[in-house]
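Numbering (mature numbering (1 follows the signal peptide of the UniProt record, and there is no 0)), first residue to last: -25 to -1, 1 to 247. Even for Gly, the Cβ is constructed at its ideal location relative to N, Cα and C.
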Amino acid sequence: MLVTMSPWFAAALVAVASLSGLATAQEFTIANGQIFTPGPAVLDAPQPGTPLGGQLLEVALDVSANGRLQLPPYPADTPSRIHNITIFLQSYVTGRNFTITNATASAGNASLGDIMLSEPGSTVKHVKWIWPDCLMGNGPPATAESDRGRYNISIRQNFLLNGESHYTIFNVPISVTNSIQSIAGSSSDFGGGEGQGGRPSCDLLNNPLAPFEEAEEAFLTSTRTVRVLFAPGDAITVQQTFAVPGAGAGATAWPFRWLTAFLSLLVLSILS
Ligand SMILES: *[C@@H]1O[C@H](CO)[C@@H](O)[C@H](O)[C@H]1NC(C)=O
Ligand SMILES: *[C@@H]1O[C@H](CO)[C@@H](O)[C@H](O)[C@H]1NC(C)=O
Ligand SMILES: *[C@@H]1O[C@H](CO)[C@@H](O)[C@H](O)[C@H]1NC(C)=O
Ligand SMILES: *[C@@H]1O[C@H](CO)[C@@H](O)[C@H](O)[C@H]1NC(C)=O
Ligand SMILES: *[C@@H]1O[C@H](CO)[C@@H](O)[C@H](O)[C@H]1NC(C)=O
């Protein structure tokens, strides 16, 4: 098991987010407004259940395992690293599954590039995604055909932790019910020119949804096998090697393995 957290403490951290009309109440581990996930990413915003709208969706993710994991570029042989994080806005109510980021930017950043490479040096990555055209409107969905309403921000982490590879799925419910209006500029900046109101086209960002039971099983399995990590009181140790200072991207760690190990332990004990 990866997590050592005393049960009374874990219980104190768990908050149940219930969004009106949501079939299942999900449990979240929240401390000081940070939402812990089955992986190194910690969600700073938005909070589960928030009604959202405006110009764009902003997702703030701490990718440092709450200060315990170094930032990329990682040394080639380090046993702990984030390979990539992909994020989708998906809903089994509307049947939509939009790409927020799949690590390859599309025209005009209608979907975003590799967030691990954005804001270099910053442990918090601010994912800013322009709401696509079909989400325009104000208030709850006006018709059964509307694409507005309940969604999950689905955060998918592909990572190596202490030499073991993991892929986890973390779904955060939100509702697209606040005002989203047309914006200045041309939809053709986002490729294809099919979008409306200066916004990217929903259809260009949409992906098929897996059958609900299959998706639910993948989601539940993630949380069962990896569990929520790095919350306060979680004593998990992150093993890593550090690049020689100034050696540049992807450099091999110091050949003096004993020295590296010693330094890692030193850093870890300072951080913990
Ligand atoms: C994410 O990383 C995994 C493991 O290295 C790789 O198999 C996968 O293709 C990557 N996905 C993206 C979107 O880069
Ligand atoms: C959001 O994700 C949870 C967990 O996977 C799921 O139970 C719920 O039905 C999803 N909500 C929507 C609107 O798709
Ligand atoms: C996406 O945004 C990044 C960072 O702002 C910028 O460097 C890049 O040129 C943009 N890419 C596209 C395809 O618009
Ligand atoms: C990334 O997402 C965009 C928008 O959905 C899509 O056009 C593109 O093919 C995807 N790229 C990869 C590598 O999956
Ligand atoms: C949403 O689309 C992405 C990209 O195609 C896919 O990896 C993911 O499994 C889809 N989500 C669901 C719940 O089917």
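If you draw a straight line from the Cα of Q215 to the Cα of G167, it is about 44 Å long.
Residue pairing of E33 in beta bridges, as defined by DSSP: K103.
By the neighbour-count criterion, in which a residue is buried when 16 or more other Cβ atoms sit within 10 angstroms of its Cβ, G14 is buried. Rounded to the nearest whole angstrom, the C-alpha separation of P95 and S39 is 12 Å.
Taking a cut-off of 8 Å for Cβ pairs, the segment 69 to 88 and the segment 143 to 150 do not touch, as fewer than three such pairs fall below it.
Here R125 carries a strand assignment [DSSP, helix/strand/coil]. Assignment of D52 by DSSP, reduced to helix, strand and coil, places it in the coil class. The alpha carbon of S129 has as its nearest neighbour, out of Y49, A51 and Y67, the alpha carbon of Y67. Three or more Cβ pairs closer than 8 Å define a contact, and the segment 48 to 58 falls short of that threshold against the segment 147 to 160.
For G83, the distance from the CB to the nearest heavy atom of ligand 3 is below 6 Å. Beta-bridge annotation (DSSP): I5 is paired with I10. Between D19 and T98, the C-beta spacing is not below 7 Å. Between the segment 101 to 119 and the segment 169 to 177, the count of C-beta pairs closer than 8 Å reaches three or more; the two stretches touch. Going by beta carbons, V201 and R43 fall outside the 7 Å limit. Relative to ligand 3, the beta carbon of A80 is positioned inside 6 Å of a heavy atom. For D178, there is no enclosing beta strand (DSSP E); the enclosing alpha helix (DSSP H) covers residues C177 to L180. When only Cα atoms are considered, F187 and R56 end up about 30 Å apart. For R71, DSSP records no beta bridge to any residue. The Cβ atoms of S93 and K100 lie closer than 7 Å to each other. F165 and G112 do not touch by the CB rule: their CB atoms are close to 19 Å apart, not below 8 Å. By the 16-neighbour rule on beta-carbons within 10 angstroms, N41 is buried. Assignment of V203 by DSSP, reduced to helix, strand and coil, places it in the coil class.
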